[in-house]
Every structure is written in C-alpha cells, then in structure tokens.
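Worksheet for the structure shown next.
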Amino acid sequence: MRHNKIKVTVGKPTGFCSGVKRAIALVKQQAQQAKNGTSVYTLGPIIHNSEVVAELKQLGVKTITNIKELKPIANSKSIVIIRTHGCAPEVIAKIKKLGYKVIDATCPYVRRVQNYALKFKKDGYTTIVVGDKNHPEVKGIMGYAKPLAKICDINSKSQTLNPKSISNRIGIIGQTTIPFEYFQKAINSFSVGDYQEIRIFNTLCKEALNRQKICKKIADKVDSMIVIGSRTSANTRHLADIAKTSNAHVHQVQDKSELRLDWRSNLQRIGVVAGTSTPQSTVFEVVKQIKKISRPRGSYAHG
Ligand code: SF4
C-alpha cells in the first residue's frame, strides 16, 4: 500500500511547564534527603503522568489521595508534599496537626490566585472563581476565598450565578489553565449584572495560554491534530477542545501506543501539541512513531 507524504508540525514549547518542573525537583530533593524512618508522601499524584509517578515511587515517594490515609505521628520527620494545584489552608493545618512536615510545591501562578482570593475576602468582596468546580485547584482556591465565595463552573451551560446569592461587590479570578474565552464569557455575564463594583484579576497562566494559542494556530492549518497528555490533565483536555473548534480530526493520546494507523489515511499535514505535564520524551516517541507509520515517504518539520 502506498502512503501519502506526511508532514508533522510540533507546537513548541513541549515538555514540562515551570510549575511542574519545580514540583518534580522538590519531590526528588525530599526523597533523596529522606533519612531512615522518614516517609515522603504527595497529596495526590504530583503530576498527571503515570511514568513520572512510577519513577518517584522507585525513589520511595508514596502517593496518598486523602489525608485520612495519614496516621498521626509524633516525630514530625515524615513529609507531605502539596502538588502544583495547591490545596485549602485547612488541609495543610490538618496535616501539620497529624505531626507531618508540609513541603508546599504549589505553583507560583496558583499561589497568586490564592492570594487574590485572600485579598478579596479581606476587603469584603464576594469572590467568583471561574473554573471547573471539581478540579483540585478550584477547591483549594475556595478554601482561601470562603465563606464569601462562589464558583462559576465552566462545565455548566449557562455559566451564570444567581445574583441574589452574591453581594454588591464582586471580585473575579480564574483557574489558571482554563482557556481565556471561558474567563471572558464569565466576565461578560457579570458585567451586565447590577453590581456596585466589579474587580477582575486575570489569573490565567501564561504558559498554558501560550500553548493554547499555538494549538489553535496549528489546528487551523493542518488536516489532523494529535494532542498528547493524560486524560486526567485539565490543560491537555482544553488543548483538545480548542483544536476541535477548527479541526475535525483531533485525537488525544497518552503515549505512542494509542496512535492508530487509520487516523492518518488521506491526511497529509499532522499537528502535534502536548499538555504541560507531558514529558518531552513522550512527545519525541509519539512524533517518531508518526514518522514511522508514514514511511517510506514521511518528512518532519518543527513549527
Ligand atoms: S500550567 Fe501554569 S499554573 Fe499549571 S503548573 Fe504549569 S506553570 Fe503552573
């Protein structure tokens, strides 16, 4: 069978974002420094990537999903690491009360959102958090913003809130990795409300936004898009959603094993983008595999 010549355009940057790199480095450092009798835990998988979590497990790092899994200890030697998404302050207080040392790997971009939530609370505003109500980052931010806080859920069709449940002065912030259009839609819906004052802080992460822009640019030009990253990664899912707005052939894969030969039939230009928790090595492997299945006449270019 003769294949069409395939051109692959990779949207840069790929590999880990700064927040993920920092968190992994912190976990490795703690694991290497841990002495006998010291356990190192992460609250939730440190990133949405099973290979990295498995590598850290080899270093002795244990993943817990809930602090109920921690037994009270007396020595304060064992460590719990908070991942990039952050968590509510009361969770950190509970971990400390159980006798553990807390190492905070919350991404600085997420910390910024938490700080704005605290500021709104102090100044008497109702905080509106635009994001996915089930995402750990949003739950953590709510921990800083409540009791005067509401979630404007991006998964709800109307993306509006009952004005009667909100005070006259509102402060709007967003989950770091949501697409800008979602944030804008929420701002528009509040701007027509009868509020005395609205304050807005654009808290979206520049690194995630940059990947979204590049994704859209490539998706507009190619026949098919491959989005690489875990299905549990919010920013990877957003990349796939953005690509789908202008491309009818979008496939999300976690690694090269999920590529299928029939996706490329009659397609000549393939775009590749990756989420911020996808290792560079996984991107290389996927691109290599695309080239392999397009032989003998494949070519490869960076975009
Ligand atoms: S995507 Fe942005 S906010 Fe999320 S961990 Fe990376 S740098 Fe931080």
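Take 0 as the starting number for the sequence shown in numbering that gives the first Met the number 0 and just add one per residue.
Using N, Cα and C, we set each Cβ at its ideal position, and we do this for glycine too.
Residue i in three-state terms, based on DSSP
i      : result
ALA53  : helix
VAL19  : helix
GLY142 : helix
HIS237 : helix
LYS34  : coil
LEU42  : strand
ILE153 : coil
GLN288 : helix
ALA242 : helix
LYS4   : coil
ALA273 : strand
GLN174 : coil
Reference residue i, options the options, closest by Cα
i      : options                        : result
ILE171 : ILE199, LEU147, ILE177         : ILE199
THR37  : THR64, ILE72, ARG21            : ILE72
GLN174 : LEU25, ALA116, GLU196          : ALA116
SER281 : ARG236, ASN187, ARG111, ILE227 : Looking at the sequence provided, one finds Thr at residue 281 rather than Ser. Here the closest residue by C-alpha is ILE227.
ASP193 : ASN167, SER276, ILE177         : ASN167
ALA87  : GLU68, LYS67, LYS95, ILE140    : ILE140
PRO12  : LYS290, HIS248, LYS287, THR277 : THR277
LYS184 : VAL129, ASN246, LYS56, LEU69   : VAL129
LYS67  : ASN35, PHE119, LYS93, HIS250   : LYS93
Residue environment, residue i, which counts as buried when at least 16 other CB atoms sit within 10 Å
i      : result
SER190 : exposed
SER77  : buried
GLY18  : buried
ASP261 : exposed
ASN35  : exposed
ILE63  : exposed
GLN29  : buried
Distance cut-off 7 Å: residue i Cβ against heavy atoms of ligand 2
i      : result
SER232 : For ligand 2, the structure offers nothing, since it holds only ligand 1.
Contiguous alpha helix (DSSP H) assignments of at least 4 residues, all confined to the stretch 178 to 228: 179 to 190, 205 to 220
Entirely enclosed alpha helix (DSSP H) segments - the stretch 54 to 111, minimum 4 residues: 88 to 96
Under 6 Å, CB to nearest heavy atom of ligand 1: contacting residues: Going by the Cβ distance cut-off, the answer is CYS16, SER17, GLY18, VAL19, THR83, CYS106, TYR108, VAL109, THR175, THR176, CYS204, GLU206, ALA207, ASN234, THR275.
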